[in-house]
Amino acid sequence: MELQKRCCSRRYEYTKDSVYLTNEQRDFYEENGYLIIRDLVDPELLDACKQRFIDICNKKVQTKGVSAMKDVYLKKLGLKGEAVISRIQNIYFDDVLSKYITYQPIVDIVQSIIGPNISCCHSIFMNKPPNSEKDSSRHPMHQDLYFFPFRPANSVVASWTAVEYVNEENGCLFVVPKSHKMKLQPHDYPPNVESKSFYGVQDVENYSPVNVIMEKGDTVFFHPCLLHGSGPNASKRYRKSLACHYVDSNCDLVDVIGENVRKEQKELSEKWGYGKNGFKMFWKKKCWLVRGSPGSVNILDNKL
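Under my numbering, the residues of the sequence shown are numbered 1 to 304, in order.
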């Protein structure tokens, strides 16, 4: 029996246990690098987060530390509020939006993937307004680990939740199943994309992405090496979603891989007063303890 248990544990590489996942769910994540859990998030929480996003866009509320980004094309049209804001980041600073990060059903699944000591390292409310240009609205195919200094890769996982119905028409996620087993691929600025924050892999024609159609409350968890992205919003509807990247609080921090990303992060590090080589402190400042014990990525009293 003991030998059987050891053999069983050895065959799982990308997940930790089956406490909050069935064996079938673990097997799917292990093989494909992502897992969709339908109807996971309470619609009342999503409605509250959506309204909070709109209030922030309209400057009815202000949260120190939360940063907003505008759609490049829609900004040129002079649009305001929800119609131009494409994302707000660092939502752990907001009393309402941070409830998504600590939402127990999500954190439970994260625990079965990366372990019991969990920190949030990146959090975001995403919005694809209608009427934008294709190359301003889409998010090119990429691997999240390219942007993150956390290692090993299996100590990182993302959650992505549909705040409203998303399909190919309004710019749903797409993923390349099994691509999490690949190494990091070269990334660069894709052609004809105005937002310089959107890097992408090259030779995308070599991959076969699958669209992830989701109802409100559906949540997809995925590995940081999984190739993924999202298409443009070609509809007259909005496409809103919430996302958080979680890390094992005891993982290692290394220098990021990409030259462009490294340059930008060092510039931000210097801007925030950490110096050109203070990128590790820059990322530790962004890590907030969600569950378990603090570790090497945590500083001060950053706890949700």
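Glycine included, every Cβ here is placed at the ideal spot set by N, Cα and C.
In whole angstroms, what separates the C-alpha of His180 from that of Ser249? Against the sequence shown, residue 180 aligns to sequence position 180. Against the sequence shown, residue 249 aligns to sequence position 249. Cα to Cα, His180 sits roughly 21 Å from Ser249.
Out of Arg237, Thr161, Leu242 and Ser293, which has the shortest C-alpha to C-alpha gap to Ile37? As a position in the sequence shown, residue 37 is number 37, starting the count at 1. The option with the nearest alpha carbon to Ile37 is Thr161.
Give me the Cα-Cα distance between Val107 and Arg291, rounded to the nearest whole angstrom. Residue mapping note: residue 107 aligns to position 107 of the sequence shown, counting from 1. Residue mapping note: residue 291 aligns to position 291 of the sequence shown, counting from 1. When rounded, the distance between both Cα atoms is 8 Å.
For Val254, the three-state DSSP class (helix, strand or coil): Residue mapping note: residue 254 aligns to position 254 of the sequence shown, counting from 1. Judged by DSSP in its simplified three-state form, Val254 adopts coil rather than helix or strand.
Check Asp188 in the structure and name its three-state DSSP category. Within the sequence shown, numbered from 1, the residue matching residue 188 stands at position 188. Asp188 falls in the strand class under three-state DSSP.
Do you know offhand how far Thr219's Cα is from Ser159's? Reading the sequence shown from its first residue, position 219 is the one you call residue 219. Reading the sequence shown from its first residue, position 159 is the one you call residue 159. Rounded to the nearest angstrom, the two C-alpha atoms are 7 Å apart.
Nearest by alpha-carbon distance to Leu227: which of Leu97, Lys280 and Asn211 is it? In the sequence shown, the residue the question calls residue 227 occupies position 227. The candidate whose alpha carbon is nearest that of Leu227 is Asn211.
Would you call the segment 227 to 243 in contact with the segment 167 to 184, where contact means no fewer than 3 C-beta pairs closer than 8 Å? yes
Can you grab the Cα-Cα spacing for the pair Lys216 / Leu253, in whole Å? The sequence position of residue 216 within the sequence shown is 216, counting from 1. The sequence position of residue 253 within the sequence shown is 253, counting from 1. So the alpha carbons of these two residues sit roughly 35 Å apart.
Nearest by alpha-carbon distance to Leu289: which of Asp39, Ser123, Gly81 and Gln51 is it? Within the sequence shown, the letter at position 289 stands for residue 289. Comparing Cα-Cα distances from Leu289 to each of Asp39, Ser123, Gly81 and Gln51, the minimum goes to Ser123.
Out of Tyr146, Tyr92 and His142, which one is the CA nearest neighbour of Cys120? Translated into the one-based positions of the sequence shown, residue 120 becomes position 120. Nearest option by C-alpha distance: Tyr92.
Apart from the five residues on each side of it in sequence, which residues of its chain come closer than 6 Å, Cβ to Cβ, to Lys236? Along the sequence shown, read from residue 1 onward, the residue named residue 236 stands at position 236. Same-chain partners within the cutoff: Pro130.
Using the DSSP secondary-structure output, state which residues sit across from Thr219 in a beta bridge. As a working note, residue 219 is residue 219 in the sequence shown. Answer is Ile37 and Thr161.
For Leu74, the three-state DSSP class (helix, strand or coil): By one-based count along the sequence shown, residue 74 stands at place 74. It is helical.
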